[in-house]
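J.: Protein chains in written order, with full-length UniProt numbering: chain A, 1 to 289; chain F, 1 to 289.
Quick reminder that beta carbons are idealized off the backbone N, C-alpha and C, glycines included.
2 protein chains.
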Amino acid sequence: MRLVTFATAAGSRPGAVVGEPGAERVLDLSDVAPRTVDIVGDPEALGEALAAVGMAADSAWTPLGDLRLEPPVTPGKILCLGYNYRGHVPDGVDPTADDPEYPDVFVKTPNTLGAPGDEVVIPDAALDVDYEGEIALVIGRRAKEVPLGEALSYIGGYTILNDVSDRAWQRRQSQWALGKCFDGFAPLGPWIVTPDEIADPQDLLVEVVRDGVVTVSQSTATTIFSAAYVVHYLSQTMTLEVGDVISTGTPQKLPAAQADHRPLAPGDAVTVRVSGIGELTTRFTGGTA
Amino acid sequence: MRLVTFATAAGSRPGAVVGEPGAERVLDLSDVAPRTVDIVGDPEALGEALAAVGMAADSAWTPLGDLRLEPPVTPGKILCLGYNYRGHVPDGVDPTADDPEYPDVFVKTPNTLGAPGDEVVIPDAALDVDYEGEIALVIGRRAKEVPLGEALSYIGGYTILNDVSDRAWQRRQSQWALGKCFDGFAPLGPWIVTPDEIADPQDLLVEVVRDGVVTVSQSTATTIFSAAYVVHYLSQTMTLEVGDVISTGTPQKLPAAQADHRPLAPGDAVTVRVSGIGELTTRFTGGTA
Numbered sequence: 001m002r003l004v005t006f007a008t009a010a011g012s013r014p015g016a017v018v019g020e021p022g023a024e025r026v027l028d029l030s031d032v033a034p035r036t037v038d039i040v041g042d043p044e045a046l047g048e049a050l051a052a053v054g055m056a057a058d059s060a061w062t063p064l065g066d067l068r069l070e071p072p073v074t075p076g077k078i079l080c081l082g083y084n085y086r087g088h089v090p091d092g093v094d095p096t097a098d099d100p101e102y103p104d105v106f107v108k109t110p111n112t113l114g115a116p117g118d119e120v121v122i123p124d125a126a127l128d129v130d131y132e133g134e135i136a137l138v139i140g141r142r143a144k145e146v147p148l149g150e151a152l153s154y155i156g157g158y159t160i161l162n163d164v165s166d167r168a169w170q171r172r173q174s175q176w177a178l179g180k181c182f183d184g185f186a187p188l189g190p191w192i193v194t195p196d197e198i199a200d201p202q203d204l205l206v207e208v209v210r211d212g213v214v215t216v217s218q219s220t221a222t223t224i225f226s227a228a229y230v231v232h233y234l235s236q237t238m239t240l241e242v243g244d245v246i247s248t249g250t251p252q253k254l255p256a257a258q259a260d261h262r263p264l265a266p267g268d269a270v271t272v273r274v275s276g277i278g279e280l281t282t283r284f285t286g287g288t289a
Numbered sequence: 001m002r003l004v005t006f007a008t009a010a011g012s013r014p015g016a017v018v019g020e021p022g023a024e025r026v027l028d029l030s031d032v033a034p035r036t037v038d039i040v041g042d043p044e045a046l047g048e049a050l051a052a053v054g055m056a057a058d059s060a061w062t063p064l065g066d067l068r069l070e071p072p073v074t075p076g077k078i079l080c081l082g083y084n085y086r087g088h089v090p091d092g093v094d095p096t097a098d099d100p101e102y103p104d105v106f107v108k109t110p111n112t113l114g115a116p117g118d119e120v121v122i123p124d125a126a127l128d129v130d131y132e133g134e135i136a137l138v139i140g141r142r143a144k145e146v147p148l149g150e151a152l153s154y155i156g157g158y159t160i161l162n163d164v165s166d167r168a169w170q171r172r173q174s175q176w177a178l179g180k181c182f183d184g185f186a187p188l189g190p191w192i193v194t195p196d197e198i199a200d201p202q203d204l205l206v207e208v209v210r211d212g213v214v215t216v217s218q219s220t221a222t223t224i225f226s227a228a229y230v231v232h233y234l235s236q237t238m239t240l241e242v243g244d245v246i247s248t249g250t251p252q253k254l255p256a257a258q259a260d261h262r263p264l265a266p267g268d269a270v271t272v273r274v275s276g277i278g279e280l281t282t283r284f285t286g287g288t289a
């Protein structure tokens with residue numbers, strides 16, 4: 001099931017999405033639960049949602065394009081991984097040789113959260129804005145000191161996060177926070193895909209298209225730390241709450257895109273697409289100066 | 001004015017504190033505003049609070065010790081500075097010679113927030129827990145791209161934060177988040193002191209007492225980045241909301257304390273005291289293992 005949050009005059013509502021790309025329709029699930037996060041990871045609510053989808057009359061559905069989507073959840077924490085996808089190595093070289101022993105983790109603050117359709121404003125202070133297309137895990141059950149073997153069951157769904165980053169601010173000091181935490185630098189969505197639709201989270205293709213050119217194309221089979229390991233590992237230090245988001249790191253850019261680094265500028269558009277999840281397109285606009 | 005948040009059977013309430021150390025009394029301010037954060041930085045509400053304090057009958061006051069304090073605010077963001085106090089240098093050496101050009105900023109997640117009286121549980125996964133006694137700024141007005149000359153006016157008050165840190169987790173990778181974000185690793189309080197009581201935020205003495213020994217004693221006159229500069233600088237990238245907390249970095253430990261580093265253990269107590277603000281004592285307990 002794909003779950004969205006959409007805006008109405010009466011406030012935010014949860015919804016279920018069906019249909020092929022470009023022809024998606026949405027069913028209001030506010031009779032099942034008040035918020036999307038209340039459905040994510042709650043098997044009973046999910047069952048009710050599935051039943052509602054099965055029984056809904058044609059007239060109950062709204063074209064997705066007629067709705068304004070909000071972020072599918074409002075996470076209490078947005079945790080992000082640094083280096084987590086192995087680069088290409090020549091034949092005969094052990095691809096795991098340079099693997100770090102532990103995940104490198106940083107935080108994006110709540111002001112970074114953006115809706116699927118929100119434009120990202122490149123502010124006056126920005127110097128070198130870049131994208132990072134990532135799979136984001138949404139926590140479905142409160143997780144504390146979770147064993148590795150049980151960790152997948154704490155994931156309530158999968159979505160997409162563009163970890164927009166200002167490289168110059170990121171590199172000014174040892175800690176990356178300011179480069180990562182400009183307002184709106186974490187567009188999230190468009191929807192949460194529940195785990196029953198993801199046969200293997202380590203077999204998903206992550207791609208980024210910038211202005212028509214594919215700049216990233218790499219499978220989660222090449223990650224150093226699996227989705228399960230990340231939930232397990234993080235939960236040793238902090239309690240993960242329902243709706244928290246863990247963004248699992250960005251794949252390497254393809255060589256041509258690495259060679260052709262250009263900061264994002266007003267008018268640019270970046271699409272992150274992940275097999276089995278969907279795609280998130282973000283447009284960039286100028287500041288007020 | 002000193003503002004607390006205290007627990008009642010009917011929920012959290014704001015309060016004003018008067019009296020000398022050990023004999024403080026609290027006046028319930030819930031007739032002025034529902035939450036402490038609604039008073040911080042709102043001149044009208046602050047005026048009403050002052051009037052209420054002036055008119056309150058003796059019987060209206062409750063001894064501070066009879067109340068269970070909560071964190072004075074629940075910040076949307078807890079932003080922290082790394083290196084911000086200059087070390088001692090020999091006579092004739094420019095103390096500013098090693099100043100970094102920019103603040104080093106990281107984030108503590110919401111699960112770290114602790115009340116003034118909360119014990120910090122040293123969890124099973126912890127390896128090397130340490131304290132950092134810091135002055136925390138509480139934002140009083142929404143701040144975005146604030147000029148340096150106006151930045152002080154966006155501070156709604158001052159309190160104390162113990163930036164509890166696991167050094168081993170902090171140093172595992174380039175980003176410090178996991179060492180900083182164990183549950184409860186940010187005790188905050190006991191109260192917020194409004195700016196009218198702080199003649200000069202760059203003339204405050206920060207001290208830490210660990211088990212009866214003073215291990216830190218340094219003035220904010222030795223900081224590299226002033227409170228005003230920090231608000232100005234951060235607001236260039238992110239919108240700061242009312243109630244957000246910026247912890248302004250820890251002074252150096254005194255040489256004897258540096259030479260005698262011992263991880264915090266169950267039974268230890270750490271008091272952070274700041275002239276003009278107050279003191280925050282945190283006890284450490286063991287985990288469940």
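#1: How many angstroms separate the CA atom of Y83/F from the CA atom of P21/A?
#2: For L137/A, which residues from the same chain have a beta carbon less than 6 Å from its beta carbon, with the 5 sequence-adjacent residues on both sides left out?
#3: Any heavy atom of the ligand GTP inside 6 Å of the beta-carbon of E44/F?
#4: List in chain order: all unbroken beta strand (DSSP E) runs of 3+ residues lying wholly within the region 126-150 of chain F.
#5: Report the residue from G65/F, M1/F, I78/F, L240/F whose alpha carbon sits nearest the alpha carbon of G184/F.
#6: For I284/A, go through chain F and note every residue whose CB falls closer than 9 Å to its CB, in chain order.
#7: Can you say whether V93/A is buried or exposed, counting buried as having 16 or more other CB atoms within 10 angstroms of its CB?
#8: Taking the alpha carbon of V216/A as the point to measure from, which residue in D42/A, D130/A, T112/A has its own alpha carbon closest?
#9: Quick one: which chain A residues come within Cβ less than 8 Å of D200/F?
#10: What's the C-alpha gap between R283/A and P263/A?
#11: From the beta carbon of A289/F, is the nearest beta carbon of chain A less than 7 Å away?
#12: For K77/F, which residues in chain A fall below 9 Å Cβ to Cβ?
#13: Please return the same chain residues whose Cβ sits closer than 8 Å to the Cβ of residue 340/A, not counting the five positions on each side in sequence.
#14: Whole angstroms is fine: what's the gap from Y85/A's alpha carbon to I224/A's?
#15: Tell me whether A115/A sits in a helix, a strand or coil according to DSSP, three-state version.
#16: Between the region 90-110 of chain F and chain A, which residues of the former have a C-beta closer than 9 Å to a C-beta of the latter?
#17: Around the Cβ of T285/A, are there at least 16 other Cβ atoms within 10 angstroms (buried) or fewer (exposed)?
#18: For G114/F versus V40/F, is the C-beta spacing smaller than 7 Å?
#19: Taking the alpha-carbon positions, what's the L127/F to P255/A distance?
#20: Can you check whether the C-beta of L3/F is within less than 7 Å of a C-beta belonging to chain A?
#21: Starting from D28/F and walking both ways along the beta strand (DSSP E), at which residues does that stretch end?
#22: Can you tell me where the alpha helix (DSSP H) with K77/F in it begins and where it stops?
#23: Let me see if you follow: with CB-CB separation under 7 Å, is L178/F close to chain A or not?
#24: P116/F: buried (16+ other C-beta within 10 angstroms of its C-beta) or exposed?
T.: Taking the coordinates as given:
#1: Rounded to whole angstroms, Y83/F to P21/A spans 50 Å at the Cα level.
#2: I155, A227, I246, listed in sequence order.
#3: The ligand GTP is not part of this structure, which contains no ligands at all.
#4: Fully enclosed beta strand (DSSP E) runs of 3 or longer: 133-139.
#5: G184/F has its Cα closest to that of I78/F, out of G65/F, M1/F, I78/F, L240/F.
#6: In the sequence as presented, Ile is not what sits at residue 284/A; that position holds Phe. What F284/A touches in chain F: nothing, since even the nearest Cβ is about 16 Å away.
#7: exposed
#8: D130/A
#9: For D200/F, none of the residues of chain A pass the 8 Å Cβ criterion, the least Cβ distance being about 27 Å.
#10: 14 Å
#11: Residue placement at A289/F is flagged as unreliable, the pLDDT there being 46, under the threshold of 50; the coordinate-derived value follows with that caveat. Not one chain A Cβ lies under 7 Å of A289/F.
#12: T109, P110, N111, C181
#13: Since the first and last residues shown for chain A are 1 and 289, residue 340/A lies out of range.
#14: Straight-line Cα distance between these residues: approximately 6 Å.
#15: coil
#16: Residues P100, E101, Y102, P103, D104, V105, F106, V107, K108, T109, P110.
#17: exposed
#18: no
#19: 40 Å
#20: no
#21: 25-28
#22: K77/F -> no alpha helix (DSSP H), and no H or E assigned at all.
#23: So yes, L178/F belongs to the interface.
#24: Burial call: buried.
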